[in-house]
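Participant:
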Amino acid sequence: MIGKGIPRKESLDKVTGYAKYTADYETPDMLHAGLVISPHAHAIIKQIDISGAVKMPGVRAVVKGENLPLTGEELSDRPPIAYDRVRFHGEVIAIVVADTPYLAERGAAMVKVQYELLPVVNSPSEALRQDAPLLHPNLGEYKKIQMVYPVPGTNIATLTKIRKGNMKKGWDESKVVVEEKFAFRPSDHAAMETRCSFAQIHPNGTIEITSSSQAPFLIKRLIGQYFNIPPGYIRVNTPLVGGAYGGKSSTQLEILAYLASKAVGGRLVKILNTREQDMLTSPGHIGLEAIVKIGSTNDGNLKVAELLYFWDGGAYSDKSIDLSRAGAVDCTGPYNIENIWCDSLCMYTNHPYAAPFRGFAHSEVLFAFERTMDVLAKKLNMDPLELRYKNAILPGHTNPTQVRLTSSTVGNLPKCIKKLKEIFNWEEGQLIELDDERVRAKGISCIWKNSTIDPDASSGVILSYNTDGSINLISGVIEIGTGTKTVLAQILAEKLKMDINDIHVQMEVDTLNTPEHWKTVASRGTFMAGRAVLAAAEDVIHQLKSLASFILRTRVDDLEVGYGKVYVKSDSKKYIPIKDIAYGYSFPNGNAIGGQIIGRGHYMFSGITYLDKETGAGNPGPEWAVGAQGVEVELNRRDYTYRIVRAVSVIDAGKVLNEKMAVGQVMGAMSMGLSFAGRETFRFDSKGIVLNPQLRTYRPIRFGEHPIYEVAFVETPVKDAPYGARGLGEQGLLGMPAALGNSLSAALTVNINYLPLIPELLWKVKEGG
Amino acid sequence: MAQSLVKKIGVSLEINGEQRQVEIRPADTLLYVLRNYLGLTGAKPGCLNGDCGACSVIVNEKVYKSCIMLAVEAVESKVTSIEGLSDSPIQKAFVEHFAFQCGYCTPGFIMNTHAMLLHEPHPTYETIKEWLSSNICRCTSYQEIEDAVFSVIGRDK
């Protein structure tokens, strides 16, 4: 069962149109909300005139932002609805609630807002300037949680420091030093399902929210915290989610839906983002400016790394604080470096703010670091793959946060590099001239990722039997497309030695009856919920054996569960079918005992710690998944157009649980990484306005533009994980920007340190155009 | 003013072989009518701009993006949405080749591919590319979708 390519459990629903997502639910009593959003990136709101909108027949309420609590996951800096000042293009200023979506939109257009424009902060480096406008003059007064270190009087939302080893020693030992600068703007997840939420308030005060989210339990926690509501009075439902990639783990639209419902006496109100609102108003993908300086000995032993990361967190810090911290934890590539200095600054700018994006700051950092590795290799006159192999991080080494690594926690990177070398035909050479104009070039990148999750994040599972001995599996993991719930069924089928078709998985999550899974993020679903499934399985096994032991007149420890039976180990002919005891056992005279067997299990990582403020030292997460990736391009040197020919990933998966889905996760992530690196960015004008908030002008990779994908796995188990499996949902993406950048830099013999890698950029860098 | 905004007309639409009477605004798109009046939510809103193809349906054997087509344009036409398709080879192929993950773009891809195969049972790769590049999938790498399509055509790329 483990390892098999079982199709996902919800397959038939998804190919017949039967699968329901949040926006698919609609009832006649439902009202609809339209958003009024800011056309400016930075302005004082002088006046909001709602008189025209309230007079419109069919408009039931207009909600403005005065007197609302400040929100934000780690630092409370964001008014849910702007009222005195707007800080990014697309920020919500008012919500119009009306009978139909059309009337809501008309009503929103009737709201008149007067602005006084302010100077705009259009990049992290602008935000750092002494004379930069301050986005948050009250930064010092905002409420915050642990590990958040804002610098009041600046645009720095938080500063995370990594101080490892002795920098002077590192530089003294370095004979070859390179320094490179990098930059790219914020972009978007562009999930095909735009975000949607609807909310109502029941007569007893219970707030019920349905939302396309990766984190319904977080919504419950944050709404409770922001509005001072006891957790039992908040219920959040999440049906299937139409793509998320991190973008749906922030709590944003749900707050608006709640406020809209409150404004109409608790009636049901739905908000469905238009594509433009989804890209501008709801949080997107973080941008970065970076300076990477590394030194090595003459024979290529890395000795030191000095890193400055300036994250373009946008107007509010919600999740960018955590992103900038994750970027500091894994601030280098996966190499053994004894001396590291890193400052990772989360900067406020007048850009749309950031949500997590698949890879959680890692593809961004790796683009900078792995590009610099190639620059170093060139200066050393060394094969870039050899340089990486030589410095690969191993058990026994320490990471930037000074954790001593083991085979379980860091896997086997050298093995991944070796395998990549073979699959990628590295020996044939990095550059192949095809003719006068065209060249084929290869670029590589190593990857690693830990998941800096909350130390007390937990996951729970409930199993209940049906009368035929089949099982219902309920977990708080959201089915966002990763197939995790099918993998959980596989884990259970393996453990109970039963047919996977006899396991019925609840796809939807309702926080009232589903045990909590912290958030469906960070490639942690299979690890945490998988362990919870195993714990719940142990629980039902124990119950089944206890009941069976006296029916079979045998000791509990002589019994075994499997194949639909509880049987005696030494004599498998002595058994009782599970279906005969799953709902209790009845004696021939009618006496009965027991009841429905219900199992429960939970899991929480042990040993994760907060990081030290001054050095960053601490244990950030359970394990690193490592890997090596390559991208091959065919470039035309005359007009700078190129085609991605091939993309390869070798990833230490710990253990592959469902091969087809594992390959699918990696290939899909590679595609998203190439799309981000090759095409995607918000285009800002000088006033901070996003010029391309729609899929016609913000253009992801389309069918036919995809290269050939190849995926291979190495399996070095993680001790604590179910069957040894490492995180796999994000890893495929991580090295794609760097590998693509390295292939194009090699093809043009010039350093290309910006994204996205479009022909115009290549031309500009090469010819100074 | 608002009254004239919501003035409705009665139309008859043939959808998945059934005649359906609906009261609609003349400005309502086919997508809106399918989803909000008829409860056929298989066609998805993704951009409402014709850019992503998640709303694709078949009208008289041609594939249309129902978000940029008015419902009144579909009067006296045969409309097929994903709900009207069952056990088609392409649906099975999508399952077998893991050609979807979140599933949101899937109805659009399936309707588009189905329409292509009605017209071109043996399409070249260029033809497939021309048809399918009008839809966006964010989860898969497209290679899985390509595999599913070629398995139905019965040959390799």
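From first to last, the protein sequence lines stand for chains A and B. Residue 701 in the numbering used here is what sits at position 669 of the first sequence, and the numbering runs on without skipping anything. Residue 110 in the numbering used here is what sits at position 54 of the second sequence, and the numbering runs on without skipping anything. Beta carbons are placed, not taken as given, at the ideal position from N, Cα and C, and that holds for glycine.
1. Is the CB-CB distance between P315(A) and P248(A) below 8 angstroms?
2. Helix, strand or coil for K751(A), going by three-state DSSP, please let me know.
3. Are I194(A) and G648(A) closer than 8 angstroms when you measure CB to CB?
4. What does the alpha-carbon distance come out to for the pair A155(B) and L579(A)?
5. Let me know the alpha helix (DSSP H) ranges lying completely inside the region 423–450 of chain A, each 4 residues or longer, listed in chain order.
6. Can you tell me the Cβ-Cβ gap for I69(A) and G122(A), rounded? I've got them flagged as a contact below 8 angstroms.
7. Quick check on the DSSP output: the beta strand (DSSP E) that includes N814(A) runs from which residue to which?
8. Whose CA, out of L495(A), G298(A), K601(A), lies closest to the CA of P235(A)?
9. Under 6 angstroms Cβ to Cβ from G256(A), same chain only, skipping five residues before and after it: list those, please.
10. Candidates G102(B), S207(B), S112(B), C111(B): which alpha carbon is nearest P179(B)'s?
11. What do you get for L291(A), buried or exposed, if any count of 16 or more other CB atoms within 10 angstroms of its CB means buried?
12. Could you tell me whether the region 738–750 of chain A touches the region 360–376 of chain A, using the rule of 3 or more Cβ pairs below 8 angstroms?
13. Shorter than 8 angstroms from the beta carbon of F389(A) to some beta carbon of chain B?
14. Between the beta-carbon of G106(B) and the beta-carbon of K118(B), is there less than 8 angstroms?
15. Can you find a CB in chain A that lies within less than 8 angstroms of the CB of Y93(B)?
16. How would you label E799(A), buried or exposed, when you count the other beta carbons within 10 angstroms and need 16 or more for buried?
17. Are there 16 or more other CB atoms within 10 angstroms of the CB of P597(A), so buried, or fewer, so exposed?
18. Less than 8 angstroms between CB atoms is the rule here; does R76(B) satisfy it with respect to chain A?
19. So what does W373(A) bridge to, in DSSP terms?
20. Look up N482(A) in the DSSP assignment and say whether it is helix, strand or coil.
21. On the criterion of 16 or more Cβ atoms from any shown chain inside 10 Å, does D684(A) qualify as buried, or is it exposed?
22. For R585(A), which residues of its own chain have a beta-carbon under 8 angstroms away from its beta-carbon, when the five flanking residues on both sides are left out?
23. Below 8 angstroms CB to CB, which residues in the same chain sit around T132(A) once its five sequence neighbours on both sides are set aside?
24. Does any residue of chain C bring its CB to less than 8 angstroms from the CB of L727(A)?
25. Using the C-alpha atoms, what's the distance from G365(A) back to F401(A)?
26. Would you say R211(B) lies against chain A (beta-carbon separation less than 8 angstroms)?
27. If you follow the beta strand (DSSP E) that A126(A) is in, where does it begin and where does it stop?
28. Does the CB of G274(A) have a neighbour CB from chain B at under 8 angstroms?
29. Along chain A, which residues have their Cβ under 7 angstroms away from the Cβ of P163(B)?
30. Taking only runs that begin and end inside the region 75–119 of chain A, name each unbroken alpha helix (DSSP H) of 4 or more residues, in chain order.
31. Short of 6 angstroms in beta carbon distance, which residues of its chain neighbour P725(A), apart from the five on each side in sequence? Order them along the chain.
32. Is the separation between the beta-carbon of E139(B) and that of G102(B) shorter than 8 angstroms?
33. From G210(B) to S293(A), what does the alpha carbon distance come to, in whole angstroms?
34. Got a sec: which bits of the region 176–198 of chain B sit with their beta carbon under 9 angstroms from any beta carbon on chain A, in order along the chain?
35. Under 7 angstroms Cβ to Cβ from I251(A), same chain only, skipping five residues before and after it: list those, please.
36. Quick check on DSSP: helix, strand or coil for A574(A)?
Facilitator: In this structure, then:
1. Taking the first residue of the first sequence as 1, we reach residue 315(A) at position 283. Taking the first residue of the first sequence as 1, we reach residue 248(A) at position 216. Going by C-beta atoms, P315(A) is not nearer than 8 angstroms to P248(A).
2. Counting from one through the first sequence, the residue named residue 751(A) turns up at place 719. Three-state DSSP puts K751(A) in coil, outside helix and strand.
3. Position 162 of the first sequence, counting from 1, holds the residue named residue 194(A). Position 616 of the first sequence, counting from 1, holds the residue named residue 648(A). The answer is yes: Cβ separation under 8 angstroms.
4. Here residue 155(B) refers to the residue found at position 99 of the second sequence. Here residue 579(A) refers to the residue found at position 547 of the first sequence. The C-alpha of L579(A) is placed about 45 angstroms away from the C-alpha of A155(B).
5. List check, alpha helix (DSSP H) in window: 439–442.
6. Within the first sequence, numbered from 1, the residue matching residue 69(A) stands at position 37. Within the first sequence, numbered from 1, the residue matching residue 122(A) stands at position 90. About 5 angstroms; that satisfies the 8 angstroms criterion.
7. Outside the shown range of chain A, which is 33 to 801, sits residue 814(A), and nothing can be said about it.
8. The residue labelled residue 235(A) in the question sits at position 203 within the first sequence. Looking at the Cα atoms, G298(A) is the closest of the given residues.
9. Position 224 of the first sequence, counted from the start, is the residue given in the question as residue 256(A). Here the set comprises P263, I266.
10. Taking the first residue of the second sequence as 1, we reach residue 179(B) at position 123. Out of G102(B), S207(B), S112(B), C111(B), the CA that lies nearest to the CA of P179(B) is found in S207(B).
11. Walking along the first sequence from the start, residue 291(A) turns up at place 259. Label assigned to L291(A): buried.
12. Taking 8 angstroms as the limit for Cβ pairs, the verdict is that the region 360–376 of chain A does not touch the region 738–750 of chain A.
13. Indexing the first sequence from 1 puts residue 389(A) at position 357. No - not a single Cβ of chain B is within 8 angstroms of the one on F389(A).
14. As a working note, residue 106(B) is residue 50 in the second sequence. As a working note, residue 118(B) is residue 62 in the second sequence. Not in contact: G106(B) and K118(B) (Cβ atoms no closer than 8 angstroms).
15. Residue 93(B) sits at position 37 when you count from the first residue of the second sequence. For Y93(B), the answer is no, since every Cβ of chain A falls outside 8 angstroms of its Cβ.
16. In the first sequence, counting from the first residue as 1, residue 799(A) sits at position 767. For E799(A), the number of other beta carbons within 10 angstroms of its own is below 16, and it is reported as exposed.
17. Walking along the first sequence from the start, residue 597(A) turns up at place 565. The sequence given here has Lys at residue 597(A), not Pro. Buried, by the Cβ-count rule.
18. Locating residue 76(B) in the second sequence gives position 20, where the first residue counts as 1. No, R76(B) does not count as interfacial toward chain A.
19. Residue mapping note: residue 373(A) aligns to position 341 of the first sequence, counting from 1. The partner list for W373(A) (beta bridge, DSSP) reads R195(A), E338(A).
20. Here residue 482(A) is taken as the residue at index 450 of the first sequence, counted from 1. Looking at N482(A) - three-state DSSP - the assignment turns out to be coil, as it is neither helix nor strand.
21. Within the first sequence, numbered from 1, the residue matching residue 684(A) stands at position 652. So D684(A) counts as buried.
22. On the first sequence, residue 585(A) is found 553 positions in, with the first residue counted as 1. Contacts found: none.
23. Residue numbering aside, residue 132(A) sits at position 100 when the first sequence is read from its first letter. Only H64, G90 meet the Cβ criterion.
24. The question asks about chain C, but that chain is absent: this structure's protein chains are A and B.
25. Here residue 401(A) refers to the residue found at position 369 when the first sequence is read from its first residue. Here residue 365(A) refers to the residue found at position 333 when the first sequence is read from its first residue. Near 6 angstroms, if we compare the C-alpha coordinates of G365(A) and F401(A).
26. Counted from its first residue, the second sequence places residue 211(B) at position 155. Taking Cβ atoms only, chain A never reaches closer than 8 angstroms to R211(B), which makes this a no.
27. Here the question's residue 126(A) lines up with position 94 in the first sequence. Element bounds for A126(A): 124–130.
28. Stepping through the first sequence from its first residue, residue 274(A) is reached at position 242. Using a CB distance cut-off of 8 angstroms, G274(A) counts as an interface residue toward chain B.
29. By 1-based counting over the second sequence, the position of residue 163(B) is 107. Within 7 angstroms Cβ-Cβ: G49.
30. The alpha helix (DSSP H) runs lying completely inside the region 75–119 of chain A and spanning 4 residues or more are 83–87, given in chain order.
31. On the first sequence, position 693 is the one that residue 725(A) refers to. Cβ within range, chain order: E308, M311, L312.
32. Here residue 139(B) corresponds to residue number 83 of the second sequence, with the count starting at 1. Here residue 102(B) corresponds to residue number 46 of the second sequence, with the count starting at 1. Cβ atoms of E139(B) and G102(B): not closer than 8 angstroms.
33. Residue numbering aside, residue 210(B) sits at position 154 when the second sequence is read from its first letter. Residue numbering aside, residue 293(A) sits at position 261 when the first sequence is read from its first letter. CA-CA distance, G210(B) to S293(A), rounds to 53 angstroms.
34. Answer set for the region 176–198 of chain B: Y181, E182, I184, K185, E186, W187, L188, S189, S190, N191, I192, C193, R194, C195, T196, S197, Y198.
35. Here residue 251(A) refers to the residue found at position 219 when the first sequence is read from its first residue. For I251(A), same chain residues with a beta-carbon under 7 angstroms away, outside a window of 5 residues either side, are I241, S243, S245, V268, T283, E286 in chain order.
36. In the first sequence, residue 574(A) corresponds to position 542, counting from 1. With the sequence shown as reference, residue 574(A) is identified as His, and Ala is not the correct amino acid for it. The answer is helix: DSSP assigns H574(A) an H, G or I state.
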